[in-house]
Each structure stands twice: as structure tokens, then as C-alpha cells.
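This report refers to the structure that appears directly beneath it.
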Amino acid sequence: NKKLFWIPAMAPLISVILATLIVYLTNSETRGVKIVKHIKPGFNRPSVNQLQFNGQHLGQVAKIGIICAIIALTEAIAVGRSFATIKGYRLDGNKEMMAMGFSNIAGSLTSCYVATGSFSRTAVNFSAGCETVVSNIVMAITVMVSLEVLTRFLYFTPTAILASIILSALPGLIDISGALHIWKLDKLDFLVLLAAFLGVLFASVEIGLLLAVGISFTRIILSSIRPTVEALGRLSKTDIFGDVNQYPMANKTEGLLTLRISSPLLCFANANFIRDRILNSVQNVEEEEDVGQEVKKEKVLQVVILDMSCVISVDTSGVVALEELYQELASNDTRLVIASPRWRVLHKLKRAKLDDNMKKEKIFMTVGEAVDFYVRARTTLHDMC
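In C-alpha cells:
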């Protein structure tokens, strides 16, 4: 009921007032109840005159500052995206970075604590029904008034009631159905979710984020250094080539082996792995060729067409791997053909002069063009014979 919106908003304040009065009247702090105790009243004095850029501890301070900035920004973005998903709005990371930067620069002039996206305060605001940035203005004014006037009255506030306010806001943020959906969709994503949850629950928000980010980066690195190399076949009556494992009805062209690199990067981390996978695929085809050698005397595998449509970047190690692959296949009387290269990849191959070595083999715009060209060339050669 919108008319009663003030009830959940006032509940934390009423809880703090009642708990503080109970502790004060019953002297519960003498019976083991932890209280806030003394809070320094007023605002910090300006500390601009204490800024130093040539002190002996400048390097250590800079290192700590960078670490604090990374952790604070990561936490703020993570918390912001969590609530943005719940409320259905879009989070602009650039604006978040600017806001965090300006707030910390301004706060440093009075030696304030590092400003970040507090999960606990955001959760309390969310449970209270806050919708706009006006709530932050109201909260800031409330904190200012409390620091000037109410610090004496907060002496007997039990820390347990402050924790209970945060915990009471958490159940609405736990999405069990969403977690089950992630489990069904991707087990590794669920592992990231579980690591973040347990890290936050038993350690801190920073530890939870660190675990989640670490597992995510490990997954990305593993998938990048061990990409798949797919054997392609042409779908009947089309110019579409698909993975033969996914589309068993796809037709392979005799004498041609069409392979696709599924990684967007051909770099030092995966270049040798991709080269070996391609050579293994060629070896498997040649072993099948040896089985039928009594029937067919000519060499069956003549051309390897490498579909590089997924590759968006190639470094020096990738170029070297392609050169080694070209030479290895050439020593076995097999041609290497590149199809569908991106502009940046083609530019890198030209700068490495790899395309000069492959002039006889040609570089094609599409896989279909490469297949059709060598099918026609083989047909013409057979007709001449």
C-alpha cells in the first residue's frame, strides 16, 4: 500500500531508538551487550594542508591507494549491477567511476573514509523503498544532523540492532529461483555464484568479489588457451558450412579438409595448441586415407581450408604458428588455404609477408569460394587427364 510506505522506512529508526532505550534503562552493556560507545561529534577538519607529494612514504601510499581504488570500484559496480538487475534499470559504469572519483577526491580534503558502494546501506535503502537519488540527499542530511546533535544519544546503541537491520534487508535480495536457473544453465557460472555467496557470508564483500572474479578470469583463460578446432561440412543445397559434429548431415568435400578456429584470438597462449590440433586433424584424415590406399592410389587430402572468420586478432606467435603449419603441410604435399580472414588479421599477415608465401594457394573471402575454386580446379585437371 503506497499510503503506508513510511512504515518500512521508519522501522529501522524505531528499532534503533527502542533498542538504545532498553540498553540504557537496563544497563545491558554491563551484562555483555556490545554497544557503539563514544562517537566523535562534528565533522573532520580540513586536511588540505597535510597533502604531500614528495614524502618518503609516497610510493607506499600510491600502491595502497591503487589497491583501494580497484576494490572500491569493483564493489560499487557489483553492488550497483545487483540492484540494477532487481529494479530493471541500466547501470553506466563510466558515470559510476566519475562519481566515485569525485566523491573520494572531495572526501580526501577532510580525511574521510574511502567512499564506495556499500552493500549494507544500499540494501537498507532498498528495503525502505528508496527510488531516486533524493534518498541519498536525505540520508546525507540525516548523517550531518546526527554527527552534530545525536552522537551522545547513540552511545548506548547495541551493535546487534545495527546488524539486524542489515540482515532483515537481505532475504528480499536472495533469488533462489535465479540460482537454480543458473545451475541448470551453466554449472561453472553457478560455481562463481556459490563462491561469491560463501565469500561474502563467511569473510567479506571484498573476499567474495575476489573469489568470483578469480574464478571467472580462470574460466576465460582456460577457454582461450584451449579453443576448439571444428571440422566443417556444407549443408545440402546451401553455401552454409557447419560443424560436422553438430550437423551430421553436412557434406564433406573429397580431397578437402575444412577447419574453423573457434577462438577470437590466435596468440602466444593458444597458437601452438591450435597448430597441433590442426595437424592432428590432418593426421586423422591421412590415417583414414591409408586404410583405403588399396582402392585409391592418388593422395586423397590435397587442401586444408582454414576458416578464420572467428579470429579477430593475431600476434607474432600466431603468425609464426601459421608459418610452421604452412611449411609442415607443404612438406606433405598439402596446401594450406585461408578463408574469411578479418581485415586486421589480413593486415597482420601482409606485414609478416605470410601472404607472399601463400600466393599460389590464394586467400579467399569465404569458405564457399575456396571450396568451389578447388573443386573446379580438380575437375578441370581430371578432364585434362
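Residue 481 is where the sequence shown ends in the working numbering, and the numbering goes up by one at each step.
For each residue, glycine too, the CB sits at the ideal point set by N, CA and C.
Mapping DSSP to helix, strand and coil, what is residue i?
i: F337; result: strand
i: A211; result: coil
i: F252; result: coil
i: V129; result: coil
i: I286; result: Note that residue 286 corresponds to Phe in the displayed sequence, not to Ile. Residue state, collapsed to three classes: helix.
i: F179; result: helix
i: V433; result: strand
i: F460; result: strand
i: L184; result: This sequence places Gly at residue 184; Leu is not what is there. Residue state, collapsed to three classes: coil.
i: S143; result: coil
i: R447; result: helix
i: D468; result: helix
i: E227; result: coil
i: N221; result: helix
i: L243; result: helix
For residue i versus residue j, is the C-beta distance shorter than 9 Å?
i: V433; j: L362; result: no
i: K458; j: V415; result: no
i: F44; j: V132; result: The structure shown does not extend to residue 44, since the chain is modelled only from 97 to 481, so the question has no answer here.
i: A417; j: R371; result: yes
i: I262; j: S111; result: no
i: I408; j: F460; result: no
i: Q398; j: L352; result: yes
i: L266; j: A219; result: yes
i: M196; j: G213; result: yes
i: N419; j: L450; result: It is Glu, not Asn, that sits at residue 419 in the sequence shown. For E419 and L450, yes; Cβs fall inside 9 Å.
i: E350; j: V396; result: yes
i: P137; j: T206; result: no
i: N341; j: V378; result: no
Work out the CA separation of residue j and residue i for me, nearest whole Å.
i: S223; j: A172; result: 18 Å
i: N376; j: S319; result: 19 Å
i: H153; j: I163; result: 16 Å
i: S242; j: S178; result: 30 Å
i: I272; j: L287; result: 15 Å
i: S405; j: E192; result: 36 Å
i: G161; j: I201; result: 12 Å
i: I237; j: A365; result: 54 Å
i: K393; j: R472; result: Low confidence applies to K393: its pLDDT is 49, below 50, so where it sits in the model is not reliable enough to give any reading.
i: D468; j: A346; result: 16 Å
i: R315; j: V309; result: 10 Å
i: T412; j: T462; result: 24 Å
i: L114; j: Y120; result: 10 Å
i: S260; j: V175; result: 20 Å
Determine, for residue i, whether the minimum Cβ-Cβ distance to residues of chain D falls below 9 Å.
i: I166; result: In summary, chain D is missing from the structure at hand, where a single protein chain is found.
Is residue i near the ligand ADP, in the sense that its beta carbon is under 8 Å from a heavy atom of that ligand?
i: S111; result: The model on display carries no ligand, and the ligand ADP is accordingly not part of it.
Q: Specify whether the segment 316–327 and the segment 347–362 touch according to this definition: at least 3 beta carbon pairs, one from each stretch, less than 8 Å apart.
A: The count of Cβ pairs closer than 8 Å, one atom from the segment 316–327 and one from the segment 347–362, reaches three, so the stretches are in contact.
Q) Counting Cβ pairs closer than 8 Å, one from the segment 134–149 and one from the segment 291–306, do we hit at least three? A) Result no; under three Cβ-Cβ pairs closer than 8 Å.
Q. Would you say the segment 302–313 touches the segment 163–177, given that touching needs at least three Cβ pairs under 8 Å?
A. Judged by Cβ distances under 8 Å, the segment 302–313 makes contact with the segment 163–177, as three or more pairs qualify.
Q | Every unbroken alpha helix (DSSP H) inside the segment 291–361 [4 residues or more] | A | Listed in chain order, they are 301–321.
Q: Flag this pair as touching only if the segment 123–137 and the segment 240–257 have three or more C-beta atom pairs under 8 Å; answer yes or no.
A: A contact exists between the segment 123–137 and the segment 240–257.
Q.
I'd like the ranges of any alpha helix (DSSP H) spanning at least 4 consecutive residues and lying wholly in the segment 362–430.
A. Qualifying alpha helix (DSSP H) stretches, in chain order: 367–387, 412–426.
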